[in-house]
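Student:
2 protein chains.
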Amino acid sequence: MLGIELNRKSELQLWRQIYQALKELMLSGQLKAGEALPSTRKLAKELDVSRNTVCEAYDLLLAEGFVISRQGAPTRVASGLCIEPVEPVLLPKTKSKLIPPVSVSFRTGRPDLRQFPRFLWQQLLHKASNELPLEAFGYTGPQGLPELREEIAAWLFRSRGLKITSDHIFITAGATHGLHLIADILRGDGQKILMEDPCHTGMLRTLKNKGCTIVPIPVDAEGIQTNYLSKCGNTGAIYVTPSHQFPLGGILPASRRASLIRFARENNLYIIEDDYDSEFRYSGESIAPLYALDPQRVFYVGTFSKAVFPALRIGYVILPYKFQDRWRDLRTHTDVQNPPFEQAALAEFLRTRKFDRHIQKMRKIYGQRRQVLLESLEGAFGSEWIAYGDSAGLHVAIDFPGKRFDEGFKNYCLQNGLYITPVESYCIEKGRHQSKLLIGYGHLEPAVIIKGVELLSDIITGLNI
Amino acid sequence: MLGIELNRKSELQLWRQIYQALKELMLSGQLKAGEALPSTRKLAKELDVSRNTVCEAYDLLLAEGFVISRQGAPTRVASGLCIEPVEPVLLPKTKSKLIPPVSVSFRTGRPDLRQFPRFLWQQLLHKASNELPLEAFGYTGPQGLPELREEIAAWLFRSRGLKITSDHIFITAGATHGLHLIADILRGDGQKILMEDPCHTGMLRTLKNKGCTIVPIPVDAEGIQTNYLSKCGNTGAIYVTPSHQFPLGGILPASRRASLIRFARENNLYIIEDDYDSEFRYSGESIAPLYALDPQRVFYVGTFSKAVFPALRIGYVILPYKFQDRWRDLRTHTDVQNPPFEQAALAEFLRTRKFDRHIQKMRKIYGQRRQVLLESLEGAFGSEWIAYGDSAGLHVAIDFPGKRFDEGFKNYCLQNGLYITPVESYCIEKGRHQSKLLIGYGHLEPAVIIKGVELLSDIITGLNI
Chain X
-5 MLGIELNRKS
5 ELQLWRQIYQ
15 ALKELMLSGQ
25 LKAGEALPST
35 RKLAKELDVS
45 RNTVCEAYDL
55 LLAEGFVISR
65 QGAPTRVASG
75 LCIEPVEPVL
85 LPKTKSKLIP
95 PVSVSFRTGR
105 PDLRQFPRFL
115 WQQLLHKASN
125 ELPLEAFGYT
135 GPQGLPELRE
145 EIAAWLFRSR
155 GLKITSDHIF
165 ITAGATHGLH
175 LIADILRGDG
185 QKILMEDPCH
195 TGMLRTLKNK
205 GCTIVPIPVD
215 AEGIQTNYLS
225 KCGNTGAIYV
235 TPSHQFPLGG
245 ILPASRRASL
255 IRFARENNLY
265 IIEDDYDSEF
275 RYSGESIAPL
285 YALDPQRVFY
295 VGTFSKAVFP
305 ALRIGYVILP
315 YKFQDRWRDL
325 RTHTDVQNPP
335 FEQAALAEFL
345 RTRKFDRHIQ
355 KMRKIYGQRR
365 QVLLESLEGA
375 FGSEWIAYGD
385 SAGLHVAIDF
395 PGKRFDEGFK
405 NYCLQNGLYI
415 TPVESYCIEK
425 GRHQSKLLIG
435 YGHLEPAVII
445 KGVELLSDII
455 TGLNI
Chain H
-5 MLGIELNRKS
5 ELQLWRQIYQ
15 ALKELMLSGQ
25 LKAGEALPST
35 RKLAKELDVS
45 RNTVCEAYDL
55 LLAEGFVISR
65 QGAPTRVASG
75 LCIEPVEPVL
85 LPKTKSKLIP
95 PVSVSFRTGR
105 PDLRQFPRFL
115 WQQLLHKASN
125 ELPLEAFGYT
135 GPQGLPELRE
145 EIAAWLFRSR
155 GLKITSDHIF
165 ITAGATHGLH
175 LIADILRGDG
185 QKILMEDPCH
195 TGMLRTLKNK
205 GCTIVPIPVD
215 AEGIQTNYLS
225 KCGNTGAIYV
235 TPSHQFPLGG
245 ILPASRRASL
255 IRFARENNLY
265 IIEDDYDSEF
275 RYSGESIAPL
285 YALDPQRVFY
295 VGTFSKAVFP
305 ALRIGYVILP
315 YKFQDRWRDL
325 RTHTDVQNPP
335 FEQAALAEFL
345 RTRKFDRHIQ
355 KMRKIYGQRR
365 QVLLESLEGA
375 FGSEWIAYGD
385 SAGLHVAIDF
395 PGKRFDEGFK
405 NYCLQNGLYI
415 TPVESYCIEK
425 GRHQSKLLIG
435 YGHLEPAVII
445 KGVELLSDII
455 TGLNI
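Going down the list, the sequences are from chains X and H. For the first sequence, our numbering begins at -5 and goes up steadily by one. For the second sequence, our numbering begins at -5 and goes up steadily by one.
1. To the nearest angstrom, report how far apart P236 of chain X and H171 of chain X are at their CA atoms.
2. Select from the segment 131 to 155 of chain X all residues with a C-beta closer than 8 Å to any C-beta belonging to chain H, and list them in chain order.
3. Residues in the segment 324 to 354 of chain H with C-beta within 8 Å of chain X's C-beta atoms, listed in sequence order?
4. Just to confirm the assignment, what range does the beta strand (DSSP E) spanning I211 of chain X have?
5. Going by beta carbon distance, what residues of the same chain come within less than 6 Å of K204 of chain H, once the five residues before and after it are set aside?
6. Say whether chain H places a C-beta atom closer than 8 Å to the C-beta of E58 of chain X.
7. Going straight from the alpha carbon of F403 of chain H to that of L431 of chain H, what length do you get?
8. How would you call Q14 of chain H, buried or exposed, if buried means at least 16 neighbouring beta carbons within 10 angstroms?
9. Starting from G309 of chain X and walking both ways along the alpha helix (DSSP H), at which residues does that stretch end?
10. Compare the C-beta of N124 of chain X against all C-beta atoms of chain H and say whether one is closer than 8 Å.
11. Using a beta-carbon distance below 8 Å, is E262 of chain X in contact with chain H?
12. Hey, how far is the Cα of G155 of chain H from the Cα of A282 of chain H?
13. Ignoring anything shorter than 4 residues, give me the alpha helix (DSSP H) runs that lie fully in the segment 8 to 69 of chain X, in order along the chain.
14. CA-CA distance, V98 of chain H and L223 of chain X?
15. Counting only Cβ-Cβ distances shorter than 7 Å, please list the residues of the segment 159 to 188 of chain X near chain C, keeping chain order.
16. What does a CB cutoff of less than 6 Å around K49 of chain X pick up in its chain, not counting 5 residues either side in sequence?
17. Using the C-alpha atoms, what's the distance from F60 of chain H back to L41 of chain H?
18. Between which two residues does the beta strand (DSSP E) containing A72 of chain H stretch?
19. Take the Cβ of V80 of chain X as the centre, count every other Cβ of all protein chains shown within 10 Å, and call the residue buried at 16 or more, exposed below.
20. If you count every other CB in all the chains shown that lies within 10 Å of the CB of F317 of chain H, and 16 or more means buried, which is it?
21. Does the count of Cβ pairs from the segment 257 to 269 of chain H and the segment 127 to 134 of chain H closer than 8 Å reach three?
22. At which residues does the alpha helix (DSSP H) containing A381 of chain X begin and terminate?
23. Can you give the Cα-Cα distance for C407 of chain X and I453 of chain X, rounded to whole angstroms?
24. With a threshold of 6 Å on Cβ separation, who are the neighbours of R250 of chain X within its own chain once the five nearest residues in sequence on each side are excluded?
25. Which of the three DSSP states, helix, strand or coil, is assigned to I218 of chain X?
26. Along the chain, where does the alpha helix (DSSP H) that runs through T200 of chain H open and close?
27. Assign S99 of chain H to one of three DSSP states: helix, strand, or coil.
28. Could you tell me whether the Cβ atoms of I211 of chain X and I218 of chain X are closer together than 8 Å?
29. Does DSSP put P94 of chain X in a helix, a strand or coil?
30. By the three-class DSSP mapping on this structure, what secondary structure does A339 of chain X have?
31. Give a yes or no on whether the C-beta atoms belonging to F240 of chain X and Y360 of chain X are separated by under 8 Å.
32. Can you tell which of X:R199, X:L201 and X:R181 has its C-alpha closest to the C-alpha of G230 of chain X?
33. Give every residue of the same chain whose Cβ lies closer than 6 Å to the Cβ of W149 of chain H, excluding the five residues on either side of it in the sequence, and list them in chain order.
34. Quick one: Cα of Y52 of chain X to Cα of C421 of chain H, how far?
35. What first and last residue would you give for the beta strand (DSSP E) that runs through T229 of chain X?
36. Report buried or exposed for N332 of chain X, applying the criterion of at least 16 other Cβ atoms within 10 angstroms of its Cβ.
In structure tokens form, the structure reads like this:
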């Protein structure tokens, strides 16, 4: 009598329940080394199951070495099985936070998903999964689908004048993924990375997780202040967003671009150029990449997260030729490759120029929303504010001279239903941008933008900061 | 006269050609700081284009800071622009290798893609992309689609008796990706990882790329030899494949499992359990994971690359509770999340039990092929060989006592149209498995398996090794 209880309603087959019960008895030492198990016939009768059911349990116990069986002799418990049982760890219940629901979220980096041609995308995805050759379901290599790389090269040529072949392009799972692999390529002990300050906190975290030491370089309305670059020993790279600085939005002027390239050459360091959303320039064409000035010194990081949709997880990196083999090795041994379906669908989206039309459409929509935002701000705050980086993108930084915004302000806004981030939250060295707020508007309908500015105005007036 | 030449057949718009030509003249110093550009009217006439075309070029040059413009004054070149031009790097042509085409590839880890229910998968993918809520196109968090995690938990329960909730499951982009994140979680300076020897060279490379020091532990026909485990200072983890050791195929006996857990507890180290293909066990049910013995000390790594198809890029990790927050942080800042479509399609594949049916079907097909292989070997080599690990998986290790296989043998086989790997290639410490070859047969039709064994027999006889 082993005291095994069976649950005949469980999804777990009866033989497996018997197997598990016996295993637990052995692991806990209730069934001891050398002890004989009941015969399959006897246990089957006792549990009111077929003998086959018990045999199946005994077979797996035998295959896994829990029991030993010899012709003619009873099945016995193997030795050395007993281990202290562990208490199951129960996951703590998520604490219910006492934050009221957000009524307006000025979060940054959120494209408007409702405008995405979802039906068209489904068709493209279906077509792609239909037409992909069988080999595309196997391992197809770390560089990415050739058709997609061809189309990205063509897009970069027609939108930015970049002369590049598909051989130079390496598909990634987005910009963060690109930066993470570049950091691994460039990694050395105590690697220093120069970084714009303020900067994207996610990208900062990615580099810090890699063990990089971050050296902040100040940013003004035009982007990174190259006159602050000084000789840094053992520096590996400099991370910049020259087309549209995140978060202040500056377009890096040509003279600073030239300084940056000269500095990189003199100090033998690499430039990581993150071109995260320059598709959405309102007043003219996309800015030309820094990459074009020195393809052997610049890693160009692009993504389709903003231009298509975030969950797509497709971006690309153009990297100096000497690092291509290292990249292939690293990618193969971190996450192998991208899945093929989205790549094929995106290639078709680009090839048919429906991507270009989507960009044109979104540029117009985002431009109109930006206009609504700026007008609302004027209505609420008169002329006591200055917009930074309002020529491109899905967000804008607003400077309210004389005011101070900090984490306390952010939390107070949250309590009042408004999600908004002070630029200070993105600063490595604190104190230089306390009067600025970041307003993400791309994903918001005009009415919501207007409501958000009213909320903000009420809060600022009420707090009298 | 600036010598600008336009190509009216180019995909690059005329204004961008003008912009690029002017930019190159400034960067190279042919147009110098302070120099006045021709008026838009004059240049338009000279180039035979509309004035608007020239204006667009000038506008972008102005936005990017290449030129300075003041009311009433001519547009002038900004200062500090000149940088040394770089020679374009031409990618070397891929060298044509003088290797004849492979007629039989005994490569390992290759499922038979022709047997995959492709049409069903397309339907599932289409349904998923149709039904996913709009939010699924945005950022949805690093843990993975809840529906998929529910279905994986249910599958692990019905197939392996594992009692687990979806909260414990973290979706990855496959087993390699899981191991790479675990290594980052456990990483310390000079981290030592104990590893089975022989082992999967890809996984070994993943850990070496992380800077881990590898301590090899010998493997025999039953798996890792736990009696070789000794106290290792500053050891972080031990990587094992207990359900089906790669490459020798042993099922780790219960007593060694208990030793492993005791050793891990005594030395305060973690176990990484890679359950890479135990779905395909021929003679009975899937082996129970080591994880069940101590969920707070074991990282369980699973993948659908073999059971569904490699390019799917979906796997999962079940990790000790205390590392869940660290995992979320690391995943968010390396590659953010998986795309949603494949996740939703796989969830449906599991929910409808069509996955289970596919596994059953493939188990039968692979079992038949294994039989063909073993019979062919008997026909060709009589009884002068021993099969290792032939109870599961897509490959088998064959020991030819007295023979020696090395890289030279592998290359010789390649020259003769046969891809086959000596186990020695997977050894960290060389010399212990020289008489064994690895034969991957899962992806091969019976006729090809027979042909491959004939080829192998001819080569071995011819070489007289």
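Quick reminder that beta carbons are idealized off the backbone N, C-alpha and C, glycines included.
Tutor: Looking at the atomic coordinates:
1. The straight-line gap separating the alpha-carbon atoms of P236 of chain X and H171 of chain X is approximately 19 Å.
2. Contact residues of the segment 131 to 155 of chain X toward chain H are F131, G132, Y133, T134, A148, F151, R152 and G155 (C-beta to C-beta distance below 8 Å).
3. Listed by position, the residues of the segment 324 to 354 of chain H near chain X (Cβ gap below 8 Å) are L324, T326, H327, T328, D329, V330, Q331, N332, P333, P334, F335 and E336.
4. Looking at the DSSP string, the run of the beta strand (DSSP E) that includes I211 of chain X is T207 to D214.
5. Answer for K204 of chain H: A177, listed in chain order.
6. Closer than 8 Å: yes.
7. Rounded to the nearest whole angstrom, the CA to CA distance from F403 of chain H to L431 of chain H is 10 Å.
8. Result: buried.
9. Taken as a continuous stretch (DSSP letters only), G309 of chain X belongs to no alpha helix (DSSP H), being part of the beta strand (DSSP E) at G309 to I312.
10. By this cut-off, N124 of chain X is an interface position.
11. Reading off the sequence, residue 262 of chain X comes out as Asn, not Glu. No, N262 of chain X lies away from the interface with chain H (no Cβ there is under 8 Å from its Cβ).
12. For G155 of chain H and A282 of chain H, the distance between alpha carbons rounds to 7 Å.
13. Entirely contained in the segment 8 to 69 of chain X, the alpha helix (DSSP H) runs reaching 4 residues are, in chain order, 8 to 21, 34 to 41 and 45 to 57.
14. In this structure, the alpha-carbon of V98 of chain H lies about 58 Å from that of L223 of chain X.
15. Any reference to chain C falls outside this structure, whose protein chains are X and H.
16. A small correction: the amino acid at residue 49 of chain X is Cys; Lys does not occupy that position in the sequence shown. Spatial neighbours of C49 of chain X in its own chain (CB-CB distance under 6 Å, excluding positions within 5 residues in sequence) are listed in chain order as T34.
17. In this structure, the alpha-carbon of L41 of chain H lies about 21 Å from that of F60 of chain H.
18. Per DSSP, A72 of chain H lies in no beta strand (DSSP E) segment and is marked neither H nor E.
19. Looking at its Cβ environment, which holds fewer than 16 other Cβ atoms inside 10 Å, V80 of chain X is exposed.
20. Buried: at least 16 other Cβ atoms inside 10 Å.
21. No, the segment 257 to 269 of chain H does not touch the segment 127 to 134 of chain H.
22. First-last for A381 of chain X: I380 to Y382, but that is the beta strand (DSSP E), not the alpha helix (DSSP H).
23. Their backbone Cα atoms lie some 7 Å apart in a straight line.
24. So the qualifying residues of the chain are T220.
25. It is a strand residue.
26. T195 to N203 is the span of the alpha helix (DSSP H), which, as asked, contains T200 of chain H.
27. Secondary structure at S99 of chain H: strand, using DSSP grouped into helix, strand and coil.
28. Contact: yes.
29. Note: P94 of chain X maps to coil in three-state DSSP.
30. Helix.
31. Taking 8 Å as the cut-off, the beta carbon of F240 of chain X is found no closer than this to the beta carbon of Y360 of chain X.
32. The shortest C-alpha separation from G230 of chain X is found at X:R181.
33. Closer than 6 Å at the Cβ level, and outside the excluded window around W149 of chain H, lie L344.
34. C-alpha separation (whole angstroms): 35 Å.
35. Where T229 of chain X is concerned, the enclosing beta strand (DSSP E) stretches over T229 to V234.
36. Answer is buried; the Cβ neighbour count reaches 16.
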